[in-house]
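Student: Under the numbering used here, residues 7 to 332 are what the sequence shown spells out, in order.
No residue lacks a Cβ here, since even glycine has one placed at the ideal position from N, Cα and C.
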Amino acid sequence: MAEYINIRGQSIEVVASDPTNPTQGQIWYNTTSNTLKGLGVSSVGSWATGNPLNTTRGDLAGAGTQTAALAFGGNINPPITGATEEYDGTSWVNSPGSLNTARNLLAGAGTQTAALAFGGQDPAITGATEEYDGATWSPSNPMNSARYGLGGIGIQTAGLAFGGRNPPGVELAATEEYDGTSWANSNNLNTARNRLGGAGTQTAGLAFGGGTPPYTTATEEYNGSTWTSVNSMNTARRLLAGAGIQTAALAFGGYDGTYQNSTEEYNGTSWTSNPTGLNTARSALGGCGTQTAALGFGGQPGTGVTAETEEWAGAGSPQTKTITAS
Numbered sequence: 007m008a009e010y011i012n013i014r015g016q017s018i019e020v021v022a023s024d025p026t027n028p029t030q031g032q033i034w035y036n037t038t039s040n041t042l043k044g045l046g047v048s049s050v051g052s053w054a055t056g057n058p059l060n061t062t063r064g065d066l067a068g069a070g071t072q073t074a075a076l077a078f079g080g081n082i083n084p085p086i087t088g089a090t091e092e093y094d095g096t097s098w099v100n101s102p103g104s105l106n107t108a109r110n111l112l113a114g115a116g117t118q119t120a121a122l123a124f125g126g127q128d129p130a131i132t133g134a135t136e137e138y139d140g141a142t143w144s145p146s147n148p149m150n151s152a153r154y155g156l157g158g159i160g161i162q163t164a165g166l167a168f169g170g171r172n173p174p175g176v177e178l179a180a181t182e183e184y185d186g187t188s189w190a191n192s193n194n195l196n197t198a199r200n201r202l203g204g205a206g207t208q209t210a211g212l213a214f215g216g217g218t219p220p221y222t223t224a225t226e227e228y229n230g231s232t233w234t235s236v237n238s239m240n241t242a243r244r245l246l247a248g249a250g251i252q253t254a255a256l257a258f259g260g261y262d263g264t265y266q267n268s269t270e271e272y273n274g275t276s277w278t279s280n281p282t283g284l285n286t287a288r289s290a291l292g293g294c295g296t297q298t299a300a301l302g303f304g305g306q307p308g309t310g311v312t313a314e315t316e317e318w319a320g321a322g323s324p325q326t327k328t329i330t331a332s
């Protein structure tokens with residue numbers, strides 16, 4: 007039988023633990039697990055369990071990336087919280103600063119060191135807006151339309167708010183743009199809804215899902231001025247999370263009468279359902295990141311709330327695989 011060294015022209019590294027930063031195509035033998043492994047690429051996207059939030063909660067907001075994320079606000083079931091946590095790609099650390107207005111069903115945008123929190127209920131419906139500098143939250147000018155269950159995307163100096171509810175039971179289509187100081191009204195969504203998902207920027211946004219009621223698959227693209235209806239999602243749901251940009255978005259979790267683990271990818275034209283979903287089906291979770299490297303955290307998997315965190319690796323992402331005879 008031909009040996010690997012004669013086929014590939016290199017020896018197989020023998021190690022007690024998997025390499026920290028392997029390169030694609032690298033193969034090694036793990037003496038602890040007695041397995042032959044290699045770094046390839048995933049054929050489909052998948053979720054992996056990460057370390058949990060310090061504060062168990064649902065109806066929270068998020069900002070940032072998979073390796074530099076921010077979680078804030080939410081419902082501990084009860085009470086409502088302003089707790090803020092930072093994620094470094096491995097674990098969550100409590101921030102020294104909490105929201106000035108504790109609230110749930112709020113929206114978030116921006117990065118871990120320059121985030122924006124807006125809307126929600128505390129339990130009064132609010133339009134309160136706050137900016138985060140990496141350590142503390144500072145109040146800014148409130149939204150023109152106080153609401154909860156809204157969508158939010160963009161960055162701290164160019165945020166976008168859309169949809170929501172106010173008063174309870176009345177779905178909104180209102181859209182507002184934030185310039186780093188104040189909010190200005192823009193054109194409405196075509197489909198009024200609450201507890202929807204979003205992705206993208208203030209000039210290239212995406213709104214999807216939500217409650218109309220009951221649940222919708224409606225997807226709309228925003229060009230910095232108006233919303234245009236495009237191809238719908240495959241699974242109607244509300245209380246879902248989103249990540250990515252307008253032409254490469256990710257939708258995950260939610261509720262359609264049952265708690266969802268469904269994950270879908272949008273390519274700028276249509277949605278495709280991924281064969282596997284979240285490890286824990288849930289609604290009212292926070293989300294951030296990109297279509298190929300997203301983060302889902304917290305939420306409601308049933309009657310209670312959870313601190314669970316999951317990391318998404320999209321198709322084509324590096325993936326360690328165990329090599330077996332076939």
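1. According to DSSP, is Gly70 part of a helix, a strand, or is it coil?
2. By the 10 Å Cβ neighbour count, where 16 or more other Cβ atoms means buried, how is Thr87 classified, buried or exposed?
3. Inspect the CB distances between the segment 25-40 and the segment 272-291 and report whether three or more fall short of 8 Å.
4. One question on the structure: do Ala249 and Gly259 come within less than 8 Å of each other, judged by their Cβ atoms?
5. I think Gly211 touches Arg201, with their Cβ atoms under 8 Å apart; what is that distance to the nearest whole Å?
6. Going by DSSP, what residues sit across from Ala299 in a beta bridge?
7. In terms of alpha-carbon separation, which member of Ser23, Glu136 and Arg243 lies closest to Phe124?
8. Which whole-angstrom value is the C-beta distance of Phe78 and Thr96, which I expect to be below 8 Å?
9. Can you list the beta strand (DSSP E) stretches of 3 or more residues lying completely in the segment 251-320, in chain order?
10. Relative to the alpha-carbon of Ile131, which residue among Val176, Asn240 and Ala300 has its alpha-carbon at the smallest distance?
11. Using only CA atoms, which one of Tyr35, Thr181, Gly80 and Ala69 lies nearest to Gln306?
12. Ile3 by DSSP, collapsed to three states: which one?
13. Where do the ends of the beta strand (DSSP E) carrying Ser151 lie?
14. Please go through the same chain and pick out, in chain order, the residues whose beta-carbon is closer than 6 Å to the beta-carbon of Ser276, but skip the five residues on each side of it.
15. Is DSSP giving Val20 helix, strand or coil here?
16. Just mark Gly186 as buried or exposed, buried being the case when its beta carbon has 16 or more other beta carbons within 10 Å.
17. When DSSP labels each residue in this structure, what does Gly88 get in the three-state scheme?
18. With a cut-off of 8 Å, do at least 3 Cβ pairs link the segment 250-257 to the segment 20-33?
19. Whole angstroms is fine: what's the gap from Thr142's alpha carbon to Val99's?
20. Short of 6 Å in beta carbon distance, which residues of its chain neighbour Gly160, apart from the five on each side in sequence? Order them along the chain.
21. Mark Val311 as exposed unless 16 or more other C-beta atoms lie within 10 angstroms of its C-beta, in which case mark it buried.
22. Does the distance from the CB of Glu182 to the CB of Asn150 come in under 8 Å?
23. Straight-line CA distance for Leu105 to Ala313?
24. Based on DSSP bridge pairs, tell me the residues matched to Ala141.
25. Nearest by alpha-carbon distance to Arg243: which of Glu226, Thr232, Thr234 and Gly263 is it?
26. In angstroms with no decimal places, state the Cα-to-Cα distance between Glu316 and Ala75.
27. Could you tell me which residues DSSP pairs with Arg199 in its beta bridges?
28. Between the alpha carbons of Leu301 and Tyr93, how many angstroms are there, rounded?
29. Out of Glu19, Trp189 and Pro173, which has the shortest C-alpha to C-alpha gap to Leu122?
30. Of the choices Val47, Ser235 and Thr225, whose alpha-carbon is the least far from that of Glu270?
Tutor: To lay it out plainly:
1. strand
2. buried
3. no
4. no
5. That pair is no contact at about 17 Å.
6. Partner(s): none; Ala299 has no beta bridge.
7. Glu136
8. That belief does not hold up - the Cβ atoms of Phe78 and Thr96 are roughly 19 Å apart, past 8 Å.
9. 254-258, 269-272, 277-279, 292-295, 300-303 and 315-319
10. Val176
11. Gly80
12. As displayed, the chain neither begins before 7 nor continues past 332, which places residue 3 out of reach and without an answer.
13. Premise fails: Ser151 is in no beta strand (DSSP E) and is neither H nor E.
14. Asn237
15. strand
16. exposed
17. coil
18. no
19. 14 Å
20. Ala115, Leu166, Thr207 and Gln208
21. buried
22. yes
23. 19 Å
24. In the DSSP output, where bridge partners are listed per residue, Ala141 has none listed.
25. Gly263
26. 12 Å
27. Answer is none; Arg199 lacks a bridge partner.
28. 10 Å
29. Trp189
30. Thr225
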